[in-house]
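A short write-up of the structure that comes next.
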Amino acid sequence: MIIYDKLTKAAQEWPNKAPVPTTHTTIAPPTSDQPVTWLDGGWRVGEVPAVEPTEEEVAAALAQAKTVKLAEIRAACDMALAPLAAAYPEREVQSWPQQIAEATAYAADATAAVPLLSSMAAQRPSLGDSDAERVAELARRILANAAAWSTIAGPIIGKRQALEDAVVAADTPEAVADITIDFGGAA
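Residue numbers (this note's numbering): 1171 to 1357.
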């Protein structure tokens, strides 16, 4: 669904079942040559007497804008990273931290206990003639893949963190809205 910011009138896609933030509405603002303002539950065309928002309303609008923008940033980062892991089953991806930890331990000490790598290597006779050769080769490949992942994912994650820093530093909903999310040049 499309929701509209009650202050800026900016439109954005919103998940259908997600609750609409109080700073937004599903009612599209009318097009007019005159000012259009959200007031008392609806859009008003024409001059509206100036009503200063309370500090609480300003703070709530800023907090809501930040929450929405942070969710957009995280979703865009996930989309940018998704193709990197798309060739692997989800459960295997979840095992990557353990694989890396065991491969690192094995690289430091070939006698280290590496139960996951040992069981994986046992199923891959093409990696070597002995269990030790297979585990060593698998550990080498895992560490090479981890280094490659870091090289590719690092800039994307860094960009996400920079965007989140910009959101945290923003002091108005308009400043938050002006933050452009683009992971195209991050990698």
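Where a beta carbon is used, it is the ideal one built from N, C-alpha and C, also for glycine.
Pick from the options that is closest to residue i, judged by C-alpha positions
i        : options                                : result
Met-1171 : Leu-1177, Pro-1185, Lys-1179           : Pro-1185
Ala-1389 : Arg-1294, Arg-1261, Glu-1303, Gly-1298 : No answer is possible for residue 1389: it lies beyond the span of the chain, which begins at 1171 and ends at 1357.
Val-1218 : Glu-1227, Pro-1205, Glu-1226           : Pro-1205
Trp-1319 : Leu-1251, Glu-1262, Pro-1200           : Leu-1251
Pro-1200 : Ile-1270, Ser-1288, Ala-1282, Val-1215 : Val-1215
Val-1305 : Ala-1280, Gly-1324, Ala-1323, Thr-1321 : Ala-1280
Asp-1271 : Asp-1203, Val-1284, Phe-1353           : According to the sequence provided, residue 1271 is Ala. The question's Asp does not apply to it. When only C-alpha atoms are compared, the closest one is Val-1284.
Val-1338 : Glu-1222, Asp-1301, Thr-1237           : Thr-1237
Distance between residue j and residue i (C-alpha atoms, nearest Å)
i        : j        : result
Arg-1310 : Ala-1255 : 19 Å
Ala-1347 : Ala-1235 : 7 Å
Ala-1180 : Ile-1327 : 27 Å
Ala-1230 : Thr-1224 : 10 Å
Thr-1342 : Val-1228 : 8 Å
Val-1274 : Glu-1344 : As written in the sequence, residue 1274 is Thr, which differs from the Val given in the question. Their Cα atoms are separated by approximately 46 Å.
Ala-1340 : Ala-1220 : 24 Å
Met-1364 : Gly-1354 : Given a span of 1171 to 1357 for the chain in the structure shown, any question on residue 1364 remains unanswerable.
Supposed close pair residue i, residue j - CB separation, criterion 8 Å
i        : j        : result
Ala-1336 : Ile-1349 : 5 Å
Leu-1308 : Arg-1294 : 7 Å
Bridge partner(s) assigned by DSSP for residue i
i        : result
Glu-1344 : The partner list for Glu-1344 (beta bridge, DSSP) is empty, contrary to what the question assumes.
Gly-1212 : Leu-1209
Ile-1173 : Gln-1182
Does the structure place the region 1309-1325 close enough to the region 1259-1274 that three or more beta carbon pairs sit under 8 Å?
Under the Cβ criterion (8 Å, minimum of three pairs), the region 1259-1274 counts as touching the region 1309-1325.
Inspect the CB distances between the region 1203-1217 and the region 1225-1243 and report whether three or more fall short of 8 Å.
Under the three-pair Cβ rule at 8 Å, the region 1203-1217 does not count as touching the region 1225-1243.
Determine contact between the region 1188-1207 and the region 1172-1179, defined as no fewer than three beta-carbon pairs at a distance below 8 Å.
Flag = yes, the region 1188-1207 and the region 1172-1179 touch.
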